[in-house]
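Undergrad: There's a structure below that I have some questions on.
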């Protein structure tokens, strides 16, 4: 026998009367400190039920006499935030876009507001970095379909493009192929013509055939040299930026189908100060105009 | 050569007062319990050189603690005018003309390493100097014991009072003592918060209910800990809560000077009648004075032990007694185990303060202090970092040129605004732009306000095919009032495929 049978049994503590294979359980009392904390927890819980929302019922829950509610708290915090931002926002509301950009303090505030609002509302389509994607404009470069000045950007943000807002700007690239305005052959020739406009090697015969077709159908919006027109949102066909892709099949698909994206109108969804801040943010990060 | 100290010796049981530790041992462990009840200690007042030194050190250290936050130091603008201020809200540590930012936490690390090494060195040389003379636990306990003595008298009076039944006299003495203790504790906790807020301001705010919640919390916390640690826990903090007594065992060796009972002189001990011969016996008359003055409740004659904080009060008590019986002083004093053992063996004592251990500690201390000094001397008030935009990493413009965005973080730790001129060096043809300024080729300006970090966004546009490869080495040179700093970065020429 190397170890004593009941190492902690000094004889002063009784057993619970349970026995398993000769092992008996000592009936030691709980440590006093533990017991008191346990009782304190029970007292705390009872107090909590009375003071705080606690028990679920069939059609609601016990509200607690303190009347605490997370929802009410959020509303209160939002109101507090609004007053906190009030002074700066009032300055944003009063200053013109150019004034905001010239005042370092105000600009810093606008950039901070703009960045957070951009992440919440714009990044879904334009990307967190604002570089867009196929069909969604890159906001970081210097190519702006509808103009890249501060005022242009602000206007686009307010009313959107093809958004249905009465003041929204609108233009429509015709679906030359699908609507049978041009024959598939002419669409093919025009594709070569557009490729040539952007300075890339193209089939000279097709380009020659397409010249009169371009003059008749495209010049009104894209201009005789293909430089586009920001007033109509007509893209410049001579640069390196292609909203719907630069490959021949992408260009051909656009001439055939004439897709035009929608930018929603944000006025009414975001308040005017926020829209101003957003415009300053987008303009500051763009290589714009 | 070592001396075996027999701590189980029962000789001291018969004569003289026993130490609290000895009484606890005698009483025996009740067994099975998690908590050993404390044996009350009633330290008698000691008089002598070490006691005087302790009074002086108590006054000096308490004065440093209470006066420091009130030293003013003029700083420009809205910056605080407190010489030493730990401003958690503004994330600054102000030290005279220096201000430290959270990113310079390595200075605090260095300071702590220095403190640890200094503690090692001091312990290896002179034992627990810190514990005995400088530790706040010792200082405040000393102060509280002094207050206790004023209200309840010295050792014997206190023992009588505690044993006596409750009476008005006992009541007012006890209540008075605890009130003064609480007052001191509150003063301690109250002074603490002055290090973290402008002292005159927070003093007014504190009493008008305007102070930040942390001020009240920490004041209450330190009031509580001071009252409990110095009032009731006392030596238990050192013995059970503090790690240092256990660590010091590795720092102290047989050549460390410590408060030591010179048993070569003292043994064999025993009561001595006036006029009797001193032949054939030791100098210790077993009067127990060293035991009754000990605030740790131990008997120094048992040798170096965990509980001993080396406060020197037993040496004072012994000296006083030796004076009274006209015997030479110094039966208890600073000595080394090695020297005691040598004398006991009839050889001359040799003291070796310079030994490998102390040399290594000293060298490490000098090294770390030198590093700290070097770091402080070459510390610049400005700092520049450049962060490349990661999204987008690059943007291609309509003519094929490529634009990269950078954020330059320029820190101005001085007390004056600074004009920074940011120039770009890289492939030719670069165009610079900030969100505020129009396009520039030669560089952009930024105003860096005092005591701030300014993030300056800079966009750099390079023509297509500006250099070989997709990643070009570039650099920004920021010219500041105290010279220029260059930070390196890269320019990515390939924005990746666009539709």
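Chains as they are written, first to last, in the working numbering: chain G, 1 to 289; chain P, 1001 to 1499.
Glycine included, each C-beta is placed from N, C-alpha and C at the ideal position.
By DSSP, does residue 188/G sit in helix, in strand, or in coil?
TA: Reading the first chain from its first residue, position 188 is the one you call residue 188/G. If DSSP states are grouped into helix, strand and coil, residue 188/G belongs with the helices.
Undergrad: How far does the beta strand (DSSP E) with residue 1471/P in it extend, from its first residue to its last?
TA: On the second chain, residue 1471/P is found 471 positions in, with the first residue counted as 1. Where residue 1471/P is concerned, the enclosing beta strand (DSSP E) stretches over 1471 to 1480.
Undergrad: Kindly say whether residue 35/G, judged by its beta-carbon, lies nearer than 9 Å to any beta-carbon of chain P.
TA: Here the question's residue 35/G lines up with position 35 in the first chain. So, not an interface residue.
Undergrad: So which residues of chain P does residue 104/G contact, with C-beta pairs closer than 7 Å?
TA: For this step, residue 104/G is matched to residue 104 along the first chain. Going along chain P in sequence order, the residues near residue 104/G (Cβ under 7 Å) are 1436.
Undergrad: Three-state secondary structure (DSSP) at residue 1166/P?
TA: The residue labelled residue 1166/P in the question sits at position 166 within the second chain. Residue state, collapsed to three classes: coil.
Undergrad: Are the stretch 1410 to 1420 of chain P and the stretch 1378 to 1389 of chain P touching by the rule of at least three beta carbon pairs closer than 8 Å?
TA: yes
Undergrad: Give the C-beta separation of residue 1065/P and residue 1191/P to the nearest angstrom, bearing in mind that I take them to be a contact with Cβ-Cβ under 8 Å.
TA: Here residue 1065/P refers to the residue found at position 65 of the second chain. Here residue 1191/P refers to the residue found at position 191 of the second chain. Right, their Cβ atoms sit about 6 Å apart.
Undergrad: As a quick exercise: from 27/G, 26/G, 41/G, pick the residue whose alpha carbon is nearest that of residue 33/G.
TA: By one-based count along the first chain, residue 33/G stands at place 33. The residue with the shortest Cα to Cα distance from residue 33/G is 41/G.
Undergrad: Closer than 8 Å is the cut-off here; do at least three beta carbon pairs connect the stretch 246 to 256 of chain G with the stretch 73 to 87 of chain G?
TA: By the Cβ test, the stretch 246 to 256 of chain G is not in contact with the stretch 73 to 87 of chain G, since fewer than three Cβ pairs between them sit closer than 8 Å.
Undergrad: Expressed to the nearest angstrom, what Euclidean distance is found between the alpha-carbon atoms of residue 1490/P and residue 140/G?
TA: Here residue 1490/P corresponds to residue number 490 of the second chain, with the count starting at 1. Here residue 140/G corresponds to residue number 140 of the first chain, with the count starting at 1. Computed Cα separation, rounded: 19 Å.
Undergrad: Determine, using beta carbons only, whether residue 1185/P and residue 1138/P come nearer to each other than 9 Å.
TA: Numbered from its first residue, the second chain carries residue 1185/P at position 185. Numbered from its first residue, the second chain carries residue 1138/P at position 138. Between residue 1185/P and residue 1138/P, the gap from beta carbon to beta carbon reaches 9 Å or more.
Undergrad: Which value, in whole angstroms, describes the spacing of the CA atoms of residue 3/G and residue 1288/P?
TA: For this step, residue 3/G is matched to residue 3 along the first chain. For this step, residue 1288/P is matched to residue 288 along the second chain. With a pLDDT of 42 at residue 3/G, under the threshold of 50, the predicted position of this residue should be treated as unreliable, though the coordinate-derived value follows. Answer to the nearest angstrom: the Cα atoms are 45 Å apart.
Undergrad: Could you give the C-beta distance for residue 233/G and residue 197/G, rounded to a whole number, given that I count them as a contact under 8 Å?
TA: For the purposes of this step, residue 233/G is identified with residue 233 of the first chain, where counting begins at 1. For the purposes of this step, residue 197/G is identified with residue 197 of the first chain, where counting begins at 1. Incorrect: roughly 18 Å between the Cβ atoms, too far for contact.
Undergrad: 9 Å is my cut-off, CB to CB: does residue 240/G come that close to chain P?
TA: Within the first chain, residue 240/G is the residue found at index 240, counting from 1. With 9 Å as the cut-off, residue 240/G counts as an interface residue toward chain P.
Undergrad: Per DSSP, which one or two residues make a beta bridge with residue 1385/P?
TA: Here residue 1385/P is taken as the residue at index 385 of the second chain, counted from 1. Paired residues: 1409/P.
Undergrad: So, is residue 28/G buried or exposed, given that buried needs 16 or more other C-beta atoms within 10 angstroms?
TA: Walking along the first chain from the start, residue 28/G turns up at place 28. When all chains shown are included, residue 28/G counts as exposed.
Undergrad: For the stretch 1025 to 1089 of chain P, list the alpha helix (DSSP H) runs that are entirely contained and at least 4 residues long, ordered along the chain.
TA: The qualifying runs are 1049 to 1067.
Undergrad: Between the stretch 87 to 100 of chain G and chain P, which residues of the former have a C-beta closer than 8 Å to a C-beta of the latter?
TA: none
Undergrad: What would DSSP say about residue 1177/P, mapped onto helix, strand or coil?
TA: Working through the second chain from its first residue, we reach residue 1177/P at position 177. Reduced to three states, the DSSP call for residue 1177/P is helix.
Undergrad: What do you reckon, are the CB atoms on residue 1316/P and residue 1050/P nearer than 9 Å?
TA: As a working note, residue 1316/P is residue 316 in the second chain. As a working note, residue 1050/P is residue 50 in the second chain. Residue 1050/P is positioned such that its CB atom lies closer than 9 Å to that of residue 1316/P.
Undergrad: Which residues, in chain order, does the stretch 1455 to 1469 of chain P contribute to contact with chain G at a C-beta distance below 8 Å?
TA: For the stretch 1455 to 1469 of chain P, which is checked against every Cβ of chain G, the residues closer than 8 Å are 1457, 1459, 1461.
Undergrad: Excluding the 5 residues flanking residue 1154/P on each side, which residues of the same chain have their C-beta closer than 8 Å to its C-beta?
TA: Here residue 1154/P corresponds to residue number 154 of the second chain, with the count starting at 1. So the qualifying residues of the chain are 1044, 1045.
Undergrad: Less than 9 Å between CB atoms is the rule here; does residue 1029/P satisfy it with respect to chain G?
TA: Sequence index remark: in the second chain, residue 1029/P carries index 29 (1-based). Per-residue confidence for residue 1029/P stands at a pLDDT of 49, beneath the threshold of 50, marking its modelled position as unreliable; no derived number is given.
Undergrad: Curious, which full-length beta strand (DSSP E) runs of at least 3 residues does the stretch 1290 to 1360 of chain P contain?
TA: 1332 to 1335
Undergrad: I believe residue 1194/P touches residue 1202/P by the beta-carbon criterion, under 8 Å. Please report the beta-carbon distance rounded to the nearest angstrom.
TA: The residue given as residue 1194/P occupies position 194 in the second chain. The residue given as residue 1202/P occupies position 202 in the second chain. Correct: roughly 7 Å between the Cβ atoms.
Undergrad: Count the other CB atoms within 10 Å of the CB of residue 118/G; is the residue buried (16 or more) or exposed (fewer)?
TA: Within the first chain, residue 118/G is the residue found at index 118, counting from 1. It counts as buried.
Undergrad: Three or more C-beta pairs under 8 Å: does that hold for the stretch 1291 to 1307 of chain P against the stretch 1056 to 1074 of chain P?
TA: no
Undergrad: From which residue to which residue does the alpha helix (DSSP H) around residue 210/G run?
TA: The sequence position of residue 210/G within the first chain is 210, counting from 1. From DSSP, the alpha helix (DSSP H) with residue 210/G extends over 204 to 217.
Undergrad: Would DSSP call residue 249/G helix, strand or coil?
TA: Position 249 of the first chain holds residue 249/G. Residue 249/G: helix per DSSP, three-state reduction.
Undergrad: Is it true that the CB of residue 1422/P sits closer than 9 Å to the CB of residue 1493/P?
TA: Along the second chain, read from residue 1 onward, the residue named residue 1493/P stands at position 493. Along the second chain, read from residue 1 onward, the residue named residue 1422/P stands at position 422. For residue 1493/P and residue 1422/P, no; Cβs fall outside 9 Å.
Undergrad: Just the C-alpha distance for residue 1356/P and residue 1450/P, rounded to the nearest angstrom, thanks.
TA: Position 356 of the second chain, counted from the first residue, corresponds to residue 1356/P. Position 450 of the second chain, counted from the first residue, corresponds to residue 1450/P. Spanning the two alpha carbons is a distance of roughly 49 Å.
Undergrad: State the start and end residues of the unbroken alpha helix (DSSP H) segment that holds residue 1137/P.
TA: Within the second chain, residue 1137/P is the residue found at index 137, counting from 1. That run of the alpha helix (DSSP H) goes 1136 to 1152.
Undergrad: So, for residue 195/G: in the same chain, excluding its five sequence neighbours on each side, which residues have a beta-carbon less than 6 Å away from its beta-carbon?
TA: On the first chain, position 195 is the one that residue 195/G refers to. Within the same chain, residue 195/G has close Cβ partners 202.
Undergrad: Any contact of the stretch 1241 to 1255 of chain P with the stretch 1329 to 1338 of chain P, i.e. 3+ C-beta pairs under 8 Å?
TA: yes
Undergrad: Closer than 8 Å between beta carbons: that is the criterion. Which residues of the stretch 1399 to 1429 of chain P meet it against chain G?
TA: 1399, 1400, 1403, 1405
Undergrad: Is there a C-beta anywhere in chain P that falls below 9 Å from the one on residue 43/G?
TA: Position 43 of the first chain, counted from the start, is the residue given in the question as residue 43/G. It does not; no Cβ of chain P falls within 9 Å.
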